[in-house]
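Enquirer: Offset between the sequence shown (1-based) and the numbering used here: plus 1168.
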Amino acid sequence: MTPQEFTRRYESRWKQFETFLIDRRTARDPDFPARYREICAHLALARDRHYPLAMVEHLNTLVLAGQQHLYRHQGGLWASFLDFLSRGFPVLVRQHAGLFWLAALFFYGPLLGMAAAIQQHPELIYSVMSAEQVHMFESMYEPGKKLIGSRPNDSHFMMFGYYIQHNTGIGFQTFAGGLFGGIGSLFFLLFNAIQIGAVGGHLIRIGYDQTFLSFVATHGAFELTAIVLSGMAGLMLALGLVAPGRHSRKDALILRGRDAVRIMYGAALLFLVAAGVEGFWSSSPLVSAQVKYAVAAVAWTGVTAWLSLAGRKS
């Protein structure tokens, strides 16, 4: 279907929706959610088919206005935020599932590969970091430590603040790297994967496996997923530059950038949750490894179900 045919077929529906928005009496009209979902579907089609920017902009304006109208009478911003988490975000991730899996491959593949390689070639750890850094990580995860994964004189709150800064830094670097044609995003995915895999592989090899794995198991569900999502968002930016389709590179970057920023909203939330879990739960020696593994299983299952199932029509 050409853009002109698409416009002729649905333009009357768009005008009806605009009129619907102006009429205050429609605030609680039971038909409004269905009309709103229809406009959302039209916007998704227009984006996927690379229709003219003016059309996409118009539909996007209608969707944003409809969202405000819908939730103004259902809890305001809080309801809009909950809808984004429960429906909008996971649906958006699935719409770009190919980029998600590409980012996951570039992250989890090298991570697991490096961890496995160090079991056979322990000296590889020193090609990734200095002997001083290796010693620091060994002391952080030494069995019997008061706060697992901490540095000297750290408290739970200090660790929480540090992890927020550290995690968001990783996410922003990985996302912004997309502006270099995606090479930057792939580089930071690969770099962080090798670092994490090297540390994990080394600690497992020297017998600190239970201390390390019980520490990372729970918050890893949020942090590692957020890193992959940041890479995915960066690759979305890259597509706007290297594969703009019918749009100019500027217009394609704007369109891709909007969805990429929304992906980063979700990634930022996961980084925040990860920092809280890492600072107050993962580091606690009062909780047994078995309990941490059980909670980790729930966390990984929950994140997987959220991204793969939330927002689907029954």
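Glycine residues also receive a C-beta, built at the ideal position from the N, C-alpha and C atoms.
Using the Cα positions of residue 1352 and residue 1344, report the straight-line distance between them to the nearest angstrom.
Expert: Taking the sequence shown and counting its residues from 1, the one referred to as residue 1352 is at position 184. Taking the sequence shown and counting its residues from 1, the one referred to as residue 1344 is at position 176. Taking the straight line joining both Cα atoms gives about 8 Å.
Enquirer: Excluding sequence positions up to five away, which residues of its chain have a Cβ less than 6 Å from the Cβ of residue 1332?
Expert: In the sequence shown, the residue the question calls residue 1332 occupies position 164. So the list reads 1443, once near-sequence residues are dropped.
Enquirer: Would residue 1179 be called buried (16 or more neighbouring beta carbons within 10 Å of its own) or exposed?
Expert: Reading the sequence shown from its first residue, position 11 is the one you call residue 1179. The residue in question, residue 1179, is exposed, as its Cβ has fewer than 16 Cβ neighbours within 10 Å.
Enquirer: Could you give the first and the last residue of the continuous alpha helix (DSSP H) run that contains residue 1474?
Expert: Along the sequence shown, read from residue 1 onward, the residue named residue 1474 stands at position 306. Looking at the DSSP string, the run of the alpha helix (DSSP H) that includes residue 1474 is 1457-1477.
Enquirer: For residue 1402 and residue 1346, which I take to be in contact (beta-carbon distance under 8 Å), what is that distance rounded to the nearest angstrom?
Expert: Counting from one through the sequence shown, the residue named residue 1402 turns up at place 234. Counting from one through the sequence shown, the residue named residue 1346 turns up at place 178. Residue 1402 to residue 1346, Cβ: 3 Å. Contact.
Enquirer: Check the C-beta distance from residue 1431 over to residue 1373 and give it rounded, since I have them as a contact under 8 Å.
Expert: Start at 1 with the first residue of the sequence shown, and residue 1431 comes out as number 263. Start at 1 with the first residue of the sequence shown, and residue 1373 comes out as number 205. So it is not a contact: roughly 35 Å between Cβ atoms.
Enquirer: Looking only at its own chain, which residues have a Cβ that is under 7 Å from the Cβ of residue 1482, when we skip the five neighbours before and after it?
Expert: Translated into the one-based positions of the sequence shown, residue 1482 becomes position 314. At residue 1482 the pLDDT is 45, less than 50, meaning the model places this residue with poor confidence and gives no usable figure here.
Enquirer: Using the Cβ count rule (16 or more neighbours within 10 Å means buried), how would you classify residue 1418?
Expert: As a working note, residue 1418 is residue 250 in the sequence shown. So residue 1418 ends up on the exposed side.
Enquirer: Nearest to residue 1288 by alpha carbon, out of 1233, 1184 and 1370?
Expert: The residue labelled residue 1288 in the question sits at position 120 within the sequence shown. Minimum Cα distance to residue 1288 is reached at 1370.
Enquirer: Between residue 1464 and residue 1428, what straight-line distance do the alpha-carbon atoms span, to the nearest angstrom?
Expert: In the sequence shown, the residue the question calls residue 1464 occupies position 296. In the sequence shown, the residue the question calls residue 1428 occupies position 260. Going by the C-alpha atoms only, they are around 28 Å apart.
Enquirer: Does DSSP put residue 1279 in a helix, a strand or coil?
Expert: As a first step, residue 1279 must be located in the sequence shown, where it is residue number 111. Residue 1279 falls in the helix class under three-state DSSP.
Enquirer: In angstroms, rounded to a whole number, what distance separates the CA positions of residue 1394 and residue 1349?
Expert: To locate residue 1394, count along the sequence shown from 1; it is residue 226. To locate residue 1349, count along the sequence shown from 1; it is residue 181. C-alpha separation (whole angstroms): 21 Å.
Enquirer: Which parts of the segment 1288-1358 are runs of the alpha helix (DSSP H), unbroken and 4 residues or longer, counting only runs that do not cross its ends?
Expert: List check, alpha helix (DSSP H) in window: 1293-1296, 1299-1308 and 1324-1344.
Enquirer: Please report how far the alpha carbon of residue 1363 lies from the alpha carbon of residue 1236, in whole angstroms.
Expert: Taking the sequence shown and counting its residues from 1, one reaches residue 1363 at position 195. Taking the sequence shown and counting its residues from 1, one reaches residue 1236 at position 68. C-alpha separation (whole angstroms): 43 Å.
Enquirer: Could you check where the alpha helix (DSSP H) with residue 1411 kicks off and where it finishes?
Expert: Residue mapping note: residue 1411 aligns to position 243 of the sequence shown, counting from 1. Where residue 1411 is concerned, there is no enclosing alpha helix (DSSP H), given that its DSSP letter is neither H nor E.
Enquirer: Of all the options 1199, 1205 and 1258, which has the alpha carbon lying nearest to the alpha carbon of residue 1476?
Expert: Reading the sequence shown from its first residue, position 308 is the one you call residue 1476. Out of 1199, 1205 and 1258, 1258 has the C-alpha closest to the C-alpha of residue 1476.
Enquirer: Would you kindly check if the distance between the Cβ of residue 1396 and the Cβ of residue 1271 is under 8 Å?
Expert: On the sequence shown, residue 1271 is found 103 positions in, with the first residue counted as 1. On the sequence shown, residue 1396 is found 228 positions in, with the first residue counted as 1. Their beta carbons are under 8 Å apart, which means residue 1271 touches residue 1396 by this criterion.
Enquirer: The alpha helix (DSSP H) spanning residue 1204 covers which residue range?
Expert: As a working note, residue 1204 is residue 36 in the sequence shown. 1200-1216 is the span of the alpha helix (DSSP H), which, as asked, contains residue 1204.
Enquirer: Output yes or no for whether 8 Å exceeds the beta carbon distance between residue 1261 and residue 1268.
Expert: As a first step, residue 1261 is located in the sequence shown; it is residue number 93 there, counting from the start. As a first step, residue 1268 is located in the sequence shown; it is residue number 100 there, counting from the start. Yes, the pair counts as a contact, with Cβ atoms nearer than the cut-off.
Enquirer: Can you have a look at residue 1382 and say buried or exposed, based on whether 16 or more other CB atoms are within 10 angstroms of its CB?
Expert: Indexing the sequence shown from 1 puts residue 1382 at position 214. With 16 or more other Cβ atoms within 10 Å, it is buried.
Enquirer: Here's the rule: buried if 16 or more other CB atoms are within 10 angstroms of the residue's CB, otherwise exposed. What is residue 1256?
Expert: Counting from 1 along the sequence shown, the entry for residue 1256 is found at position 88. Burial call: buried.
Enquirer: Give the DSSP-derived three-state secondary structure of residue 1452 in the structure shown.
Expert: Here residue 1452 refers to the residue found at position 284 of the sequence shown. Three-state result, residue 1452: coil.
Enquirer: Measuring only the C-alpha atoms, how far is residue 1188 from residue 1169?
Expert: Reading the sequence shown from its first residue, position 20 is the one you call residue 1188. Reading the sequence shown from its first residue, position 1 is the one you call residue 1169. For residue 1188 and residue 1169, the distance between alpha carbons rounds to 27 Å.
Enquirer: Should residue 1183 go down as buried or exposed, given a rule of 16 or more other Cβ atoms within 10 Å for buried?
Expert: Locating residue 1183 in the sequence shown gives position 15, where the first residue counts as 1. It is exposed - the Cβ of residue 1183 has fewer than 16 other Cβ atoms within 10 Å.
Enquirer: Is the distance from the Cβ of residue 1292 to the Cβ of residue 1366 below 8 Å?
Expert: Stepping through the sequence shown from its first residue, residue 1292 is reached at position 124. Stepping through the sequence shown from its first residue, residue 1366 is reached at position 198. Yes, these two residues count as a Cβ contact at 8 Å.
Enquirer: Using the C-alpha atoms, what's the distance from residue 1204 back to residue 1234?
Expert: Translated into positions along the sequence shown, residue 1234 becomes position 66. Translated into positions along the sequence shown, residue 1204 becomes position 36. Roughly 6 Å between the two C-alpha positions.
Enquirer: Going straight from the alpha carbon of residue 1390 to that of residue 1467, what length do you get?
Expert: Your numbering for residue 1390 matches position 222 in the sequence shown. Your numbering for residue 1467 matches position 299 in the sequence shown. Going from the Cα of residue 1390 to the Cα of residue 1467 covers about 8 Å.
Enquirer: Is it buried or exposed for residue 1190, if we count other Cβ within 10 angstroms and need 16 for buried?
Expert: Taking the sequence shown and counting its residues from 1, the one referred to as residue 1190 is at position 22. Flag for residue 1190 reads exposed.
Enquirer: Please report the distance separating the alpha-carbon of residue 1471 from that of residue 1216.
Expert: In the sequence shown, counting from the first residue as 1, residue 1471 sits at position 303. In the sequence shown, counting from the first residue as 1, residue 1216 sits at position 48. Going by the C-alpha atoms only, they are around 26 Å apart.
Enquirer: Report yes if the CB atom of residue 1478 is closer than 8 Å to the CB atom of residue 1254, and no otherwise.
Expert: On the sequence shown, position 310 is the one that residue 1478 refers to. On the sequence shown, position 86 is the one that residue 1254 refers to. Result yes, Cβ atoms of residue 1478 and residue 1254 sit closer than 8 Å.
Enquirer: Could you tell me the alpha carbon to alpha carbon distance between residue 1310 and residue 1453, rounded to whole angstroms?
Expert: For the purposes of this step, residue 1310 is identified with residue 142 of the sequence shown, where counting begins at 1. For the purposes of this step, residue 1453 is identified with residue 285 of the sequence shown, where counting begins at 1. Each residue's Cα considered, the two are about 11 Å apart.
Enquirer: Quick check on this structure: which residue in 1336, 1283 and 1438 has the alpha carbon closest to the alpha carbon of residue 1386?
Expert: As a first step, residue 1386 must be located in the sequence shown, where it is residue number 218. Comparing Cα positions, the closest option is 1438.
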